[in-house]
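2 protein chains.
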Amino acid sequence: MMIKYPNGEQYHPIAKAKKKSKEDISFSSANRGMSLEEDINLSNDHYLTSGILLITKRPTPIRVVKVDYSKGAKIIDAFFQKQSTTDYNGVYKGRYIDFEAKSTKNRSCFPLSNVSLHQIEHLKNVLNFGGIAFFIIEFAYHDQVYLLDASYVIDCYEHGERKSIPFATVCEKGVLIKRGYNPRLDYLPALDNLYFNK
Amino acid sequence: MMIKYPNGEQYHPIAKAKKKSKEDISFSSANRGMSLEEDINLSNDHYLTSGILLITKRPTPIRVVKVDYSKGAKIIDAFFQKQSTTDYNGVYKGRYIDFEAKSTKNRSCFPLSNVSLHQIEHLKNVLNFGGIAFFIIEFAYHDQVYLLDASYVIDCYEHGERKSIPFATVCEKGVLIKRGYNPRLDYLPALDNLYFNK
Chain C
174 MMIKYPNGEQ
184 YHPIAKAKKK
194 SKEDISFSSA
204 NRGMSLEEDI
214 NLSNDHYLTS
224 GILLITKRPT
234 PIRVVKVDYS
244 KGAKIIDAFF
254 QKQSTTDYNG
264 VYKGRYIDFE
274 AKSTKNRSCF
284 PLSNVSLHQI
294 EHLKNVLNFG
304 GIAFFIIEFA
314 YHDQVYLLDA
324 SYVIDCYEHG
334 ERKSIPFATV
344 CEKGVLIKRG
354 YNPRLDYLPA
364 LDNLYFNK
Chain B
174 MMIKYPNGEQ
184 YHPIAKAKKK
194 SKEDISFSSA
204 NRGMSLEEDI
214 NLSNDHYLTS
224 GILLITKRPT
234 PIRVVKVDYS
244 KGAKIIDAFF
254 QKQSTTDYNG
264 VYKGRYIDFE
274 AKSTKNRSCF
284 PLSNVSLHQI
294 EHLKNVLNFG
304 GIAFFIIEFA
314 YHDQVYLLDA
324 SYVIDCYEHG
334 ERKSIPFATV
344 CEKGVLIKRG
354 YNPRLDYLPA
364 LDNLYFNK
């Protein structure tokens, strides 16, 4: 099983996992306790301040039931709602970008139960209107993160026999994202590679 | 003072306001109690289901202070936060679209106190990264809604002597949006006209 790297290199992920460089180990431990979401948010901050791209995270939708105005509009009854779209969207070189980030502890596959039908419908719309749509999938066990085009996930969701995508398939169809210090998750080369022919 | 219409027609807004057609009056009364936000949301629903464009409204950010997990994750202490970006973004013909909707009761101008510095910074970023950014401004007194390019608002915000944009200037620099039944606010011709050379 070989992995496509944005720079065209290929390597064997299992061998790589077994024989980590010092750099990888330090990033890995530096990353302990950091969630995928935090990594992406910090990377987006870096891309924005570097003048590269603009991605914003949609706030978690909350249904407000009761507000106490005697205490300066304090919300005293509300509940979280499921995101009906995706977590992230923004602009790069004028193009519309939309993606969902998911982390799984599963060793062998990405379970599609992680993805809601609403999100699939939303991503289909993004593609229909000419936008760029993908998933950033973290396999926590392997300490690897991939960028996978949404059309492949949509296809598996709608026509796949299994309700999951094997790890090996994500490695093959996706592009491995390099972890680093800043940006923590450098997904820009993958974006350039897949959608901007770089 | 003349107004640019997306179809190239021009007309005098004051005369128009005085001499409303039956159609205008019925739309106007049908519109009573409907907010600009509702009009835009319904229009976006229409555009989406018609397969034209995808615009989503960002949820209002809420800072959650305390959650009662004994009652199934009920939020019991939280407060509203100011939107640091804009209310709406999405995709049309692959391009990134971002806009803020504002309504004013002011007869003679659009006060820039309605716009936060964060929003200005965000819209500047959108333009820098090649996105399309604008305001939809409702003058409630005149019952008129305009689409105005963000670069003009940014310029007035940063370099204008007055902290407002005169109504006459919005009429001149912006494009009037037609009210209707469905879509309630047909801003697509203005979008096509300003950014897609239609």
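Residue numbers (the working numbering), protein chains in the order written: chain C, 174 to 371; chain B, 174 to 371.
C-beta atoms are modelled at their ideal positions from N, C-alpha and C, and glycine is treated no differently.
- Along chain C, which residues have their Cβ under 8 Å away from the Cβ of Leu226 of chain B? Phe302
- Item | is_contact[Val288 of chain B, chain C] using C-beta, thresh 8 Å | So, not an interface residue.
- Query: Counting Cβ pairs, one atom from each stretch, are 3 or more of them under 8 Å apart for the region 233-246 of chain C and the region 264-274 of chain C?
  - Reply: Contact between the region 233-246 of chain C and the region 264-274 of chain C is absent: fewer than three C-beta pairs spanning the two stretches fall below 8 Å.
- Under 8 Å between C-beta atoms, does Gly206 of chain B make it to chain C? Caution is warranted here: a pLDDT of 47 is assigned to Gly206 of chain B, below 50, making its placement in the model unreliable, and the coordinate value is therefore given only provisionally. Chain C contact via Cβ: absent.
- Taking C-beta pairs closer than 7 Å, name the residues in chain E that Arg352 of chain B reaches, listed in chain order. The chain inventory of the structure shown lacks chain E, comprising the protein chains C and B.
- So does the region 216-230 of chain B actually touch the region 359-368 of chain B, counting three or more Cβ pairs closer than 8 Å? yes
- Compute the Euclidean distance between the alpha carbons of Phe253 of chain B and Ala251 of chain C, then round it to the nearest angstrom. 12 Å
- Message: What does the alpha-carbon distance come out to for the pair Pro232 of chain C and Gln292 of chain C?
- Response: 15 Å
- Item | Own chain residues within Cβ distance below 6 Å of Asn262 of chain C, not counting five before or after | Asp271
- Message: Please tell me whether Leu227 of chain C and Phe369 of chain B are closer than 8 Å, where the distance is taken between their beta carbons.
- Response: no
- Kindly list, in the order they appear in chain C, the residues whose Cβ is closer than 9 Å to that of Thr229 of chain B. Arg231, Ser257, Thr258, Asn262 and His295
- Within the same chain, show all residues whose beta-carbon is closer than 6 Å to that of Glu265 of chain C, passing over the 5 residues directly before and after it, in chain order. Here the sequence assigns Tyr to residue 265 of chain C, which means Glu is not the residue at that position. Counting only Cβ-Cβ distances below 6 Å, and skipping sequence neighbours, we find Leu226.
- Query: Closer than 7 Å: is that where the CB of Ile270 of chain B sits relative to any heavy atom of the ligand MN?
  - Reply: This structure simply doesn't include the ligand MN, nor any ligand for that matter.
- Query: From Gly353 of chain B to Leu320 of chain B, what does the alpha carbon distance come to, in whole angstroms?
  - Reply: Distance between the alpha carbons of Gly353 of chain B and Leu320 of chain B: 16 Å.
- Query: Alpha carbon to alpha carbon, how far is Val299 of chain C from Asn279 of chain B?
  - Reply: 37 Å
- Query: Ser201 of chain C to Phe283 of chain C, Cα distance in whole Å?
  - Reply: Residue placement at Ser201 of chain C is poorly supported in this model, since its pLDDT is 41, which falls under 50; the coordinates still yield a value, given next. Between Ser201 of chain C and Phe283 of chain C, the C-alpha separation is close to 21 Å.
- Please confirm if Lys371 of chain C has its CB atom under 8 Å from at least one CB of chain B. no
- Query: So is Ala323 of chain C buried or exposed if we call it buried at 16+ other beta carbons inside 10 Å?
  - Reply: Buried: at least 16 other Cβ atoms inside 10 Å.
- Query: Using a Cβ-Cβ distance under 8 Å, would Lys266 of chain C count as near chain B?
  - Reply: At a cut-off of 8 Å between C-beta atoms, Lys266 of chain C counts as an interface residue with respect to chain B.
- CA-CA distance, Ala306 of chain B and Ser208 of chain C? 32 Å
- Message: Could you pull the DSSP bridge partners for Tyr319 of chain B from this structure?
- Response: B:Ile310 and B:Leu349
- Task: Taking only beta-carbon positions, decide if Tyr368 of chain B is within less than 8 Å of chain C.
- Result: no
- Item | In DSSP terms, what Lys247 of chain B is bridged to | C:Phe252 and B:Asp241
- Message: Can you pull the chain C neighbours of Lys247 of chain B, defined as C-beta to C-beta under 8 Å?
- Response: Asp250, Ala251 and Phe252
- Message: According to DSSP, simplified to helix, strand and coil, what is Tyr330 of chain C?
- Response: helix
- Query: Hey, Val288 of chain B and Ile310 of chain B: beta-carbon distance below 8 Å or not?
  - Reply: no
- Message: Counting only Cβ pairs nearer than 8 Å, list the residues of chain B close to Leu221 of chain C.
- Response: Asn298
- Query: Can you tell which of C:Ala313, C:Lys351, C:Glu294 and C:Leu296 has the C-alpha that lies nearest to the C-alpha of Ser276 of chain C?
  - Reply: Looking from the CA of Ser276 of chain C, the closest CA among C:Ala313, C:Lys351, C:Glu294 and C:Leu296 belongs to C:Ala313.
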